[in-house]
Amino acid sequence: MLSACAAGPSMQQLETTAMLTGDWSAVEKRERSLERRAQRRGKTCPQDLVSLCDGSFGEKRCSCVSHETLSRVLHGY
680 MLSACAAGPS MQQLETTAML TGDWSAVEKR ERSLERRAQR RGKTCPQDLV
730 SLCDGSFGEK RCSCVSHETL SRVLHGY
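For the record, in the sequence shown the residue sitting at position 63 is 742 according to this note's numbering, with numbers rising by one throughout.
Structure follows, in C-alpha cells:
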C-alpha cells in the first residue's frame, strides 16, 4: 500500500496569516495538535515536575518547573 501526505502550511505561515486576518483559530488548532502528539509520544514533564505554559502573543511555550516554582508564580512571589 502506498500513501502520501500533503504538507500543510508551516506554523510561521499560519501565524502570519493570523496576524493579517486576526483569526488565530488555525494556529490554536495546530498548537493543540502538537500538544496531543507530544503527549502521545511521552514528552511530558517528569513526575516531580509540572508543566507551566505561557500563551502570550498567540504562541504557547511550556516549561517543566517544580511545584514550589509554580506556587511562587501563582502567588506572585
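Backbone N, C-alpha and C define an ideal beta-carbon position, used for all residues, glycine too. As the structure is a prediction and not an experimental result, all values here were calculated from the model.
In this structure, G737 places its C-beta atom within 8 Å of the C-beta atom of V706. Annotation for S745: the continuous beta strand (DSSP E) segment containing it runs R740 to S745. Annotation for H746: V729 place their beta carbon closer than 7 Å to its own, counting only its chain and skipping 5 residues before and after. One Cα belongs to S704, the other to P725, and the distance between them is close to 30 Å. Cβ contact annotation for R709 (same chain, cutoff 7 Å, sequence separation greater than five): M690 and L693, in chain order. Under DSSP, S730 forms a beta bridge with C743.
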